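K.L.:
This is how it looks when you write it as structure tokens:
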């Protein structure tokens, strides 16, 4: 009896067998490196997206949607349907931006001319949506001429030529001038950012509401015969390449703003120019 009681008293739990010793629970270390990397990726992605949105918004702010957003642009009001003439024309503006013009247009397929081309042919190209960049060869440096050629070369709707006496003959008083139908801009150097703004907006240009800025939408700029053998400014008219009909069937198309040098010409009021400040 006593022996049995002694044996039972030796059991530590009284009810079961031996208890297992408690083991310390060791927590797994958190992957702080991976967490930091993931956070960095998220932050970087957010920054990239934010910058992209900002850049798009900024580019839209810089987009030119109206002529008066380009500082210094002059606007005129030559009507569509100008007369085709073979006489030389005394234009009101130098360089001209509209009015009667030759039946044959100057090639404007990104053409760089090395002579002062016949203005009457150039104006016809403006009617087709071209931008004509002119420079005073006695004032503009070779580097600036090369820079202007880079803007024009190979880009449809553009042409470049010297314009004798531009800096003094033009009321703009600048050695470089950009012309399109009913608009022009004078600048002092080829690195003026308004040159690219003007080219981008006015080449085959439309206004913010989709209205064309030139009369003959869809007309060709190609006249390889003129590009190969351009007529100089003081030359008489001659058939060269293709021609087209005037943009009106009227017997008396508008001659506002320009007076052909012929006794048959009937001059009318000059167009009013407006300049953006």
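In the numbering used here, the protein residues as written are 357 to 633. Backbone N, C-alpha and C define an ideal beta-carbon position, used for all residues, glycine too. Everything numeric in this text was worked out from a predicted model, so none of it was measured.
Output needed for residue 542: all residues of its chain with C-beta closer than 6 Å, excluding positions within five of it in sequence on either side, in chain order.
P.N.:
Excluding positions up to five away in sequence, the list reads 528, 530, 533.
K.L.:
From 473, 421, 466, 494, pick the residue whose C-alpha is nearest to that of residue 592; which is it?
P.N.:
Nearest option by C-alpha distance: 473.
K.L.:
Taking DSSP as the reference, what is the three-state secondary structure of residue 536?
P.N.:
Three-state result, residue 536: strand.
K.L.:
If you measure between the beta carbons of residue 559 and residue 514, is that distance less than 8 Å?
P.N.:
Cβ distance < 8 Å, so residue 559 and residue 514 count as in contact.
K.L.:
List the DSSP bridge partners of residue 397.
P.N.:
Its beta-bridge partners do not exist; DSSP assigns none.
K.L.:
Ends of the alpha helix (DSSP H) at residue 551?
P.N.:
Residues 550-558.
K.L.:
Taking residue 538 as the reference, give the member of 599, 512, 479, 582 with the closest Cα.
P.N.:
With distances taken between Cα atoms, residue 538 lies closest to 479.
K.L.:
What is the residue span of the beta strand (DSSP E) that residue 487 lies within?
P.N.:
Its beta strand (DSSP E) spans residues 487-491.
K.L.:
At which residue ranges does the stretch 408-478 contain complete beta strand (DSSP E) runs of 3 or more residues, listed in the order of the chain?
P.N.:
Complete beta strand (DSSP E) runs here, min 3: 445-447.
K.L.:
Whole angstroms is fine: what's the gap from residue 484's alpha carbon to residue 578's?
P.N.:
Rounded to whole angstroms, residue 484 to residue 578 spans 10 Å at the Cα level.
K.L.:
If you drop the 5 nearest sequence neighbours on each side, which residues of the same chain put their C-beta closer than 7 Å to that of residue 461?
P.N.:
477, 480, 481, 484, 579.
K.L.:
Pick from 387, 466, 422, 427: whose alpha carbon is nearest that of residue 550?
P.N.:
Taking only the C-alpha atoms, the option nearest residue 550 is 427.
K.L.:
In whole angstroms, give me the CA-to-CA distance for residue 504 and residue 546.
P.N.:
Between residue 504 and residue 546, the C-alpha separation is close to 6 Å.
K.L.:
Looking at the structure shown, is residue 605 part of a helix, part of a strand, or coil, going by DSSP?
P.N.:
Residue placement at residue 605 cannot be trusted, given a pLDDT of 36 that sits under 50; what the coordinates show is reported in the next sentence. Here residue 605 sits in coil by DSSP.
K.L.:
Within 8 Å (strictly less), CB to CB, does residue 429 reach chain D?
P.N.:
No chain D is present in this structure, which holds just one protein chain.
K.L.:
In the DSSP assignment, find the unbroken alpha helix (DSSP H) run with residue 524 in it and report its ends.
P.N.:
It spans 522-525 - the alpha helix (DSSP H) in which residue 524 sits, taken as one unbroken run.
K.L.:
Ends of the alpha helix (DSSP H) at residue 504?
P.N.:
Start and end: 498-508.
K.L.:
Cβ of residue 507 within 8 Å of Cβ of residue 555?
P.N.:
Taking 8 Å as the Cβ cut-off, residue 507 and residue 555 qualify as a contacting pair.
K.L.:
Assuming contact is defined by CB atoms lying nearer than 8 Å, are residue 466 and residue 510 in contact in what I supplied?
P.N.:
Yes, they are a contact pair.
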